[in-house]
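Trainee: My numbering puts the first residue of the sequence shown at 12, with every later residue one more than the last. Glycine included, each C-beta is placed from N, C-alpha and C at the ideal position. Please read these numbers as outputs of a predicted model, since none were measured by experiment. Mind having a look at this structure? Questions to follow.
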Amino acid sequence: MVSWIQWVQSLWQGTSTSSDASNEQAEEVQQPIPPRRRVRIYDDAAEPVYNPPSFEGRVDWDVDTESDASSMESQVARHRSIQRILSRKGLPPELLRRVDAFADEGYDLCVSRSFLGMYTNNANTRYLYTPPLASSLHHGCLLRVEVEMDSHDQGWSSEPNRSWLGTYQGSYTWWDLTLERPAQAAQSSAETGSDTEEDVPAWTEIHRQELCRNIHASDAFKVHTITLDTSSPIVQDAQPGDRLCVWVRTQFPGWINFARHASIRVRLAWSD
């Protein structure tokens with residue numbers, strides 16, 4: 012007896028467990044798209060910018076021209092192929108969406124930035140943000156967030172507990188991720204009614220979550236990758252029009268966060 016989960020998984024692999032599978036025309040379905048890792052080239056001789064301001068500027072989703080498998084066209088084609096297979100089983104459209112959500116089936120978008128900065132003095136500096144999330148689903152539009160960060164601290168420490176050096180204990184340089192909403196939408200949702208449009212910021216912070224700390228007293232750059240799923244309030248409460256921001260953080264005198272790269276990869280639910 013094949014379980015319902017095994018049956019769904021077999022469909023995702025382009026196979027069928029029904030007795031009449033041999034009579035159906037075989038249809039190739041691409042495997043889920045793996046996260047693409049871009050080759051980053053750094054100028055090791057470059058001097059870091061001391062306490063740069065929060066990043067502001069136009070951002071667009073990355074386009075990987077070297078990988079056909081990760082193109083939006085390929086992701087759409089794969090999704091439609093899966094939908095055709097499931098539709099032949101007689102599943103209604105509303106159930107198709109539930110199967111998609113159960114299988115974490117969506118499309119991936121990524122934004123990245125490489126910039127060498129030296130952040131001190133209780134820094135809380137925005138390093139990168141995504142374009143506004145676009146979806147026709149008001150709730151459940153975001154399935155997953157993967158953040159990659161490349162950084163290290165000042166490389167020394169006066170911490171009396173020397174066993175903490177080289178670990179994450181007692182480290183006061185780190186990264187945060189925030190979910191932000193356009194100020195007017197957030198203000199309307201909160202029904203404050205007291206501030207004018209000029210009094211409120213362009214974006215309102217909805218949630219903030221610490222991602223990772225740097226290794227204590229290490230001057231070697233290290234890449235950390237953190238993935239958030241639907242158990243995170245940031246993923247749960249994301250709405251169309253929201254954006255995600257990565258922040259470089261430090262606390263206490265002497266602590267320095269050297270950051271040179273970050274990327275934010277999101278998986279959005281199909282809304283058709």
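Please identify the residue among F269, L279, P264 and I275 whose C-alpha is closest to the C-alpha of N132.
Mentor: Taking the first residue of the sequence shown as position 1, residue 132 is located at position 121. For N132, the nearest C-alpha among the options comes from P264.
Trainee: Can you find at least 3 beta carbon pairs, one from the stretch 59-75 and one from the stretch 119-130, that sit closer than 8 Å?
Mentor: Yes, they touch.
Trainee: Restricting to Cα atoms, I'd like to know which of V156, E116 and H227 is closest to P171.
Mentor: Residue mapping note: residue 171 aligns to position 160 of the sequence shown, counting from 1. Measuring from the Cα of P171, the nearest candidate turns out to be H227.
Trainee: Could you give the DSSP three-state label for I93: helix, strand or coil?
Mentor: The residue labelled residue 93 in the question sits at position 82 within the sequence shown. Correct three-state label for I93: helix.
Trainee: Check whether the Cβ atoms of C256 and T189 sit closer than 9 Å, and answer yes or no.
Mentor: The sequence position of residue 256 within the sequence shown is 245, counting from 1. The sequence position of residue 189 within the sequence shown is 178, counting from 1. Yes, these two residues count as a Cβ contact at 9 Å.
Trainee: At 4 residues or longer, and completely inside the stretch 87-152: list those alpha helix (DSSP H) runs for me, N to C.
Mentor: For the stretch 87-152, whole alpha helix (DSSP H) runs of length 4 or above, ordered along the chain, are 104-113.
Trainee: Roughly how many whole angstroms lie between the Cα atoms of H149 and D253?
Mentor: Mapped onto the sequence shown, residue 149 falls at position 138. Mapped onto the sequence shown, residue 253 falls at position 242. Distance between the alpha carbons of H149 and D253: 11 Å.
Trainee: Tell me which residue opens and which closes the alpha helix (DSSP H) that P244 is part of.
Mentor: As a working note, residue 244 is residue 233 in the sequence shown. P244 -> alpha helix (DSSP H) spans P244 to Q247.
Trainee: Would you report the Cα separation of I96 and W175, rounded to the nearest angstrom?
Mentor: Residue numbering aside, residue 96 sits at position 85 when the sequence shown is read from its first letter. Residue numbering aside, residue 175 sits at position 164 when the sequence shown is read from its first letter. Near 54 Å, if we compare the C-alpha coordinates of W175 and I96.
Trainee: Would you kindly check if the distance between the Cβ of N135 and the Cβ of R278 is under 9 Å?
Mentor: If you number the sequence shown from 1, residue 278 lands on position 267. If you number the sequence shown from 1, residue 135 lands on position 124. No. Outside cutoff.
Trainee: Cα-Cα, which of T241, R173, S168 and C152 is closest to P251?
Mentor: One-based indexing of the sequence shown puts residue 251 at position 240. Of T241, R173, S168 and C152, the residue nearest in Cα terms is C152.
Trainee: Among residues of its own chain, excluding the 5 on either side of E221, which ones have a beta-carbon nearer than 7 Å to its beta-carbon?
Mentor: To locate residue 221, count along the sequence shown from 1; it is residue 210. Cβ within range, chain order: W185 and D187.
Trainee: Counting along the chain, where does the beta strand (DSSP E) carrying L239 start and finish?
Mentor: Taking the first residue of the sequence shown as 1, we reach residue 239 at position 228. Unbroken beta strand (DSSP E) run through L239: K233 to L239.
Trainee: I need the DSSP call for D210, collapsed to helix, strand or coil.
Mentor: Start at 1 with the first residue of the sequence shown, and residue 210 comes out as number 199. Any reading at D210 is ruled out, since the residue's pLDDT is 48, under 50, leaving its predicted position unreliable.
Trainee: Let's test the definition: count the other Cβ atoms within 10 Å of the Cβ of S65 and tell me whether it reaches 16, buried, or not, exposed.
Mentor: Position 54 of the sequence shown, counting from 1, holds the residue named residue 65. Counting Cβ neighbours within 10 Å, S65 comes out exposed, since fewer than 16 surround it.
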